[in-house]
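Chains as they are written, first to last, in my numbering: chain A, 1 to 226; chain B, 227 to 452.
Beta carbons are placed, not taken as given, at the ideal position from N, Cα and C, and that holds for glycine.
Please read these numbers as outputs of a predicted model, since none were measured by experiment.
The structure appears below as structure tokens.
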DNA sequence: ACATAAAGTTAGATTATTCTAACTTTTATT
DNA sequence: AATAAAAGTTAGAATAATCTAACTTTATGT
Ligand SMILES: [Mn+2]
Ligand SMILES: [Mn+2]
Ligand SMILES: [Mn+2]
Ligand SMILES: [Mn+2]
């Protein structure tokens, strides 16, 4: 048989690639230990997969050093993240799921082998730039834009902001936001900042004011307006 | 660890179950050999899976005899077929795919583990009874209705029929029907039957008459009207 | 009925992914 | 610097799904 040449990965390999992409620090490095914890797979297993990836030139790797996705690996990872985020957007916009329901399903659908399928989603959604949690959707070539949103907690008194994304998409946080009826795109003015504990008061409209702890404000990514 | 109790199958097991369901003859029996050919998996491999299925009470099996799905196995198979057919309908109706494009994608999506996902499809499609090829969609409990459509080739001169389903969903046949602009739901009158070779002439409307070979008429399933 | 062919089974090997236990290297702490 | 802890590796085994080769049973065709 001819040796495998092209970019066809198993769902398992795809999950490793995504994890490597997400966990990369500013130098693009990932510790085997972090990867192991993130994937909930023991270190020796992760170690063998890393070695396999090094063979396939998906990562740059030397024993006892952190791993780094190669340009090729980064591109492949971004393509899978694209499928994940497109799927989440599709599930919310077309199928009517809540943003707290989509991650688990997208985690599976991202592995479907059919470019047509994801192209059709893209078309139906009119080529969205962001997923339902405000994360950017990589393009078909694996290029990701960096929208440089800022943390709400880094804003000043009287700033006017739009909520653009969240840095924690856990069920608990999403359900918390649901309970306060906070959605991406909401505009608000910062009408108070408690200096003692950095609690923010936000005025969304005449009849809607909310008080958020620093914990929450750290997770809300915004853009200033005006 | 506790032993696995409930109905959670691997995609591979699900494909075996579906194949057993589809290949069953009138007595519900399937030969290992047919199964092997259908799945494109060698007989010894199929043999071991059958034995595993027998352990799990999904099939009734004795050495050197044909296999039979148990009631439990039949129910599980029908649930997967339900997901396959719902998906095909969704891909055509909601996403705008052609009926010749959906099978391969559905073959993968049928394995997604999320009842919510398929329930949402069902709801969006308003609880369809048939897939895009006219095959009945089993209900949530694995119950399948038998619509007893008849072969066009079994109809008589001057019969009026509606095309309800096709018994061959191969790409070639679907593209042939596309080229003639034949769709499910089309009505026609049989205006001619060549006795020599059973070629049918069908009048679809004032300006549309088609001549179909017996090969084609055998694959078109219809309902008589009036 | 006997021989051959077809279908089905068993045995043993292979690949992918995972684990635990034991070992090595690197990092942190006294 | 010595030691302990953490991180990383290696070795060896397990499971699921697959294969080929060899064997057995059943069916078929004279
Ligand atoms: Mn997600
Ligand atoms: Mn995944
Ligand atoms: Mn199909
Ligand atoms: Mn399938």
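With a cut-off of 8 Å on the beta carbons, I'd call residue i and residue j a contact; round off their distance for me.
i, j, result
"residue 209 of chain A", "residue 202 of chain A", "7 Å"
"residue 225 of chain A", "residue 150 of chain A", "Rounded, the Cβ-Cβ distance is 12 Å, inconsistent with contact."
"residue 344 of chain B", "residue 309 of chain B", "5 Å"
"residue 322 of chain B", "residue 120 of chain A", "7 Å"
"residue 363 of chain B", "residue 400 of chain B", "19 Å between Cβ atoms; not a contact."
"residue 16 of chain A", "residue 39 of chain A", "7 Å"
"residue 320 of chain B", "residue 350 of chain B", "6 Å"
Go ahead and pull the three-state DSSP assignment for residue i.
i, result
"residue 129 of chain A", "coil"
"residue 33 of chain A", "helix"
"residue 418 of chain B", "strand"
"residue 157 of chain A", "coil"
"residue 102 of chain A", "helix"
"residue 233 of chain A", "Residue 233 of chain A is absent from the model: chain A starts at 1 and stops at 226."
"residue 364 of chain B", "coil"
"residue 60 of chain A", "strand"
"residue 22 of chain A", "helix"
"residue 10 of chain A", "coil"
"residue 95 of chain A", "coil"
"residue 229 of chain B", "The predicted model places residue 229 of chain B with a pLDDT of 41, which falls under 50 and marks its position as unreliable; any figure quoted below should be read in that light. Residue 229 of chain B: coil per DSSP, three-state reduction."
"residue 310 of chain B", "helix"
"residue 144 of chain A", "coil"
"residue 51 of chain A", "helix"
"residue 396 of chain B", "coil"
"residue 181 of chain A", "coil"
"residue 241 of chain B", "helix"
"residue 338 of chain B", "coil"
"residue 229 of chain A", "Missing from the structure shown is residue 229 of chain A; chain A here goes from 1 to 226 and no further."
"residue 305 of chain B", "helix"
"residue 346 of chain B", "helix"
"residue 217 of chain A", "helix"
"residue 27 of chain A", "coil"
Across which residues does DSSP place residue i in a beta bridge pair?
i, result
"residue 222 of chain A", "A:150, A:163"
"residue 212 of chain A", "A:200"
"residue 431 of chain B", "B:434"
"residue 413 of chain B", "B:388"
Take residue i as the anchor and find which of the options has the nearest alpha-carbon.
i, options, result
"residue 378 of chain B", "B:307, B:272, B:418", "B:418"
"residue 317 of chain B", "A:69, A:92, A:116", "A:116"
"residue 189 of chain A", "A:204, A:176, A:197, A:175", "A:204"
"residue 359 of chain B", "B:299, B:347, B:327", "B:327"
"residue 250 of chain B", "B:235, B:285, B:373", "B:285"
"residue 135 of chain A", "A:88, A:200, A:218, A:12", "A:88"
"residue 368 of chain B", "B:403, B:288, B:307", "B:307"
"residue 337 of chain B", "B:355, B:392, B:240", "B:240"
"residue 447 of chain B", "B:390, B:277, B:352, B:291", "B:390"
"residue 441 of chain B", "B:393, B:349, B:274, B:264", "B:393"
"residue 356 of chain B", "B:349, B:373, B:234", "B:373"
"residue 11 of chain A", "A:212, A:140, A:113", "A:113"
"residue 397 of chain B", "B:261, B:324, B:275", "B:324"
"residue 8 of chain A", "A:128, A:93, A:73", "A:73"
"residue 217 of chain A", "A:207, A:197, A:33", "A:197"
"residue 380 of chain B", "B:273, B:449, B:432", "B:449"
"residue 413 of chain B", "B:261, B:395, B:432", "B:432"
"residue 282 of chain B", "B:270, B:295, B:271", "B:295"
Check: Are there three or more Cβ pairs, one per stretch, closer than 8 Å when the region 150-165 of chain A is compared with the region 106-119 of chain A?
Finding: no
Item checked: Contact between the region 166-183 of chain A and the region 246-256 of chain B (3+ Cβ pairs under 8 Å) -> no
Margin query: Any contact between the region 289-304 of chain B and the region 238-253 of chain B? By contact I mean 3 or more CB pairs, one from each, below 8 Å.
Written below: yes
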